[in-house]
Every structure is written in structure tokens, then in C-alpha cells.
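> Residues in the sequence shown are numbered consecutively from 594, following my numbering.
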Amino acid sequence: MGVNKKISSLKELPTVRQLRAFAAVARAGNVRAAAELLSLTQPAVTVLLRELETKLGLLLFARTSRGLRLTEAGKEGLVYAERVLYDLSRMVADAAAYASAKRGTLKVAATSTVAQTLVPGLVKGFVDEHPSVHVVIDDCSPDQFAELIDTERVHLGIGTLETRDAGFDVSVFATDDLVAVGTDQVALGNRRPISWKMLSRKSLIVVRSGYGVRKNIDVAAETAGVDLDIKYEVALMSTAIALAAKGLGIALVPRSVLPEGPYPGLLFRKVHDPIVTRELAIVTKTGVELTPLAQAFADFVMRWKV
594 MGVNKKISSL KELPTVRQLR AFAAVARAGN VRAAAELLSL TQPAVTVLLR
644 ELETKLGLLL FARTSRGLRL TEAGKEGLVY AERVLYDLSR MVADAAAYAS
694 AKRGTLKVAA TSTVAQTLVP GLVKGFVDEH PSVHVVIDDC SPDQFAELID
744 TERVHLGIGT LETRDAGFDV SVFATDDLVA VGTDQVALGN RRPISWKMLS
794 RKSLIVVRSG YGVRKNIDVA AETAGVDLDI KYEVALMSTA IALAAKGLGI
844 ALVPRSVLPE GPYPGLLFRK VHDPIVTREL AIVTKTGVEL TPLAQAFADF
894 VMRWKV
């Protein structure tokens with residue numbers, strides 16, 4: 594298909610209105626039907642066709658006594674015109690879906706334990722409402738959590754920020770109490786909260802220093818004036834729970850990380866004097882606007898009942 598070599602800038606390219614008029618006339622076979630299809634007058638459609646032919650330097654239709662017939666150049670040009678119109682309609686539809694959070698990719702950071710316990714329920718509820726989204730979960734160590742958000746490798750984080758930093762916005766959606774978990778009913782008492790004084794006489798399983806709630810545990814023990822008998826230190830709270838399930842001691846973990854299975858024999862008691870509570874939050878980088886999809890997920894999480 595030969596084209597007008599004078600076309601060298603965007604302003605000289607055919608307009609969408611001209612392409613729509615061309616495609617409509619080609620499909621309808623005459624200007625009158627095309628005008629009705631486009632909700633335009635016949636003279637307006639005729640002008641658009643002439644403008645397009647002038648820009649291309651080609652005759653797209655042969656005028657006959659029976660009406661308009663596509664020339665060879667017109668047949669080839671119609672393929673391009675319909676492709677452009679289709680791509681534009683897809684662009685508009687995709688943009689609308691993106692803006693309404695119906696499509697797109699959601700990138701979430703969560704520490705490993707939170708990713709295994711809390712995040713699956715959140716994602717399941719959100720995907721039920723937004724079935725066409727793609728979700729990437731970066732389950733990371735606690736010391737990587739803030740870095741992933743700060744470097745914008747994820748849209749947001751779900752969990753607990755160990756230290757409040759001016760570079761992050763924190764929106765708390767739930768609080769999480771520390772509980773003592775084990776299989777020995779006698780060691781845990783009779784369904785009542787267990788004190789730190791009582792815990793000081795038990796073999797304990799806790800996360801290592803620098804991980805999760807360990808700092809809160811150490812501060813609470815100091816406040817209660819007791820020394821804890823820590824027998825096992827682990828990196829993951831799920832490991833602490835697994836050890837407790839084998840009767841190796843009492844694990845101190847946040848309530849939200851307790852599994853619905855596979856440990857049906859586990860017992861847990863709230864720890865008090867003092868009570869230890871952590872905040873579960875949506876963490877974002879200050880000054881960075883969330884995508885529509887990430888904002889929709891954040892709004893969903895804020896409505897979630899842990």
C-alpha cells in the first residue's frame with residue numbers, strides 16, 4: 594500500500610474520527626448507513642473520508658452508480674484501520690479496568706510467618722472480589738521487610754514494622770496479643786491468662802533476638818522482674834509452634850500466627866502482667882502513591898476482621 598510520503602509528524606496522521614468513518618463506510622457499504630451507525634450527518638462522514646484520502650494521498654473508495662466500493666488500497670488500508678481501532682478500544686478498556694482495580698499486578702511484602710498465616714486469608718478474600726488480578730507475595734525475613742517497601746520492589750507490606758521510621762506510613766488494622774502455646778494443660782493452667790511469673794518456671798521456646806516479637810518478650814520479662822528459662826530459640830514462629838506441639842516447651846507467639854491445623858492438641862493462654870500486644874499494619878513508603886489496585890487491597894485489609 595503506497596502512502597503519502599509527506600506524512601512525517603503525529604499531527605499529520607489520520608485521526609480516530611477519520612479511521613472510524615472509513616471503517617464504518619467500508620462495513621456498511623454506503624455513507625448513509627455509516628452516518629447512522631456513527632450518529633453523524635452524511636456530509637460530516639463524507640468530509641472525514643475526503644480528509645483521510647487527502648492525508649494518505651490515496652483513493653480508498655471507487656465511486657460507482659451502485660455506491661462505494663473499496664479500492665485495492667482501501668482493502669489494505671481497512672486492515673490497518675481496524676487494527677488501530679481495536680488496539681485503541683483495548684487500551685481504553687484496559688485503562689478502565691486498571692483504574693477500577695479490576696486488573697493488574699499487586700506486589701505485597703510480608704515476613705515469612707505473616708505470609709504463612711495472615712496473608713493467605715487476606716489474599717483469598719481480595720481475589721474473590723477481584724478475580725482477574727495477579728498477586729506477587731514476597732515472603733521475606735524481618736530485616737528485609739522495610740527494605741522491600743523502601744526500594745519500591747513491592748507496593749506495600751503487611752505485618753509489623755520493627756522500628757517506626759519517618760520514611761514509612763503505617764496504617765494499623767488490628768492488634769495481636771502474645772500467647773503461650775503448648776500441649777501440657779497443667780503447665781498452661783486452667784483456661785486463665787498466664788503470668789510472666791508463672792512462665793519463668795517453664796521451659797520456653799521463643800524467636801531469636803532481632804526477630805519478630807523477641808524484643809517485646811524481653812521488655813515484658815524485665816518489666817515483670819523475672820528471668821525466663823529459654824530452652825529453644827528459632828527464626829520462624831511456625832518452628833516454635835511445631836516444637837511446642839512435640840511437647841518440648843511452651844512457645845511464646847502472637848495469637849494471629851496460631852494454625853487452624855495441623856496441631857489439634859495445642860492449647861494456648863493469653864500472657865498478662867504485663868500484656869504484650871503488637872500492631873498489624875499496612876506499611877507503605879511515604880510520598881509514594883499506591884496504584885488503584887494496591888489502594889483497593891489496602892482498603893480491603895482495613896475492613897478485614899482478624
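Ideal Cβ placement from N, Cα and C applies to all residues, glycine included.
Based on the DSSP output, what are the partners of residue 810 in its beta bridges?
Bridge partners of residue 810: none, in fact.
> Our contact map puts residue 745 next to residue 881 with C-beta atoms below 8 Å; I'd like the distance itself, whole angstroms only.
Cβ-Cβ separation between residue 745 and residue 881: approximately 6 Å, consistent with a contact (criterion under 8 Å).
> For residue 695, name the three-state secondary structure that DSSP assigns.
coil
> With DSSP as the reference, label residue 826 as helix, strand or coil.
Strand, per DSSP.
> Under a Cβ-count criterion, where at least 16 other Cβ atoms within 10 Å of its own Cβ denotes burial, should residue 611 be classed as buried or exposed?
buried
> Find the nearest neighbour of residue 845 within the set 814, 724 and 616, judged by alpha-carbon distance.
Looking at the Cα atoms, 814 is the closest of the given residues.
> Just reading off the alpha helix (DSSP H) that residue 742 is part of, what are its end residues?
Bounds of the alpha helix (DSSP H) holding residue 742 are 735-743.
> Grab me the residues of residue 869's own chain with a C-beta within less than 6 Å of its C-beta, minus the 5 sequence neighbours each way, in chain order.
771, 809 and 813
> If you follow the alpha helix (DSSP H) that residue 885 is part of, which residue opens it and which one closes it?
Segment 885-896, the alpha helix (DSSP H) holding residue 885.
> Using a 10 Å radius around the Cβ and a threshold of 16 neighbouring Cβ atoms, would you call residue 685 buried or exposed?
So residue 685 ends up on the exposed side.
> In the structure shown, what three-state DSSP assignment does residue 816 receive?
Residue 816 falls in the helix class under three-state DSSP.
> Going by DSSP, what residues sit across from residue 536 in a beta bridge?
Because the chain spans 594 through 899 in this model, residue 536 falls outside it and cannot be assessed.
> Taking the alpha carbon of residue 904 as the reference point, which residue from 670, 879, 875 and 897 has its own alpha carbon closest?
The structure shown has nothing for residue 904, since the chain only spans 594 to 899.
> Which first and last residues belong to the alpha helix (DSSP H) in which residue 608 is found?
Run containing residue 608: none; DSSP gives neither H nor E here.
> To the nearest whole angstrom, what separates the beta carbons of residue 697 and residue 726, a pair I think is in contact under 8 Å?
Between residue 726 and residue 697 the Cβ distance is about 6 Å, and since that is below 8 Å, they are a contact.
> Between the alpha carbons of residue 734 and residue 683, how many angstroms are there, rounded?
The alpha-carbon of residue 734 is positioned some 40 Å away from that of residue 683.
> For residue 823, which option in 797, 664 and 811 has the closest C-alpha, if you only look at C-alpha atoms?
797
> Where does residue 877 fall in DSSP's three states?
strand
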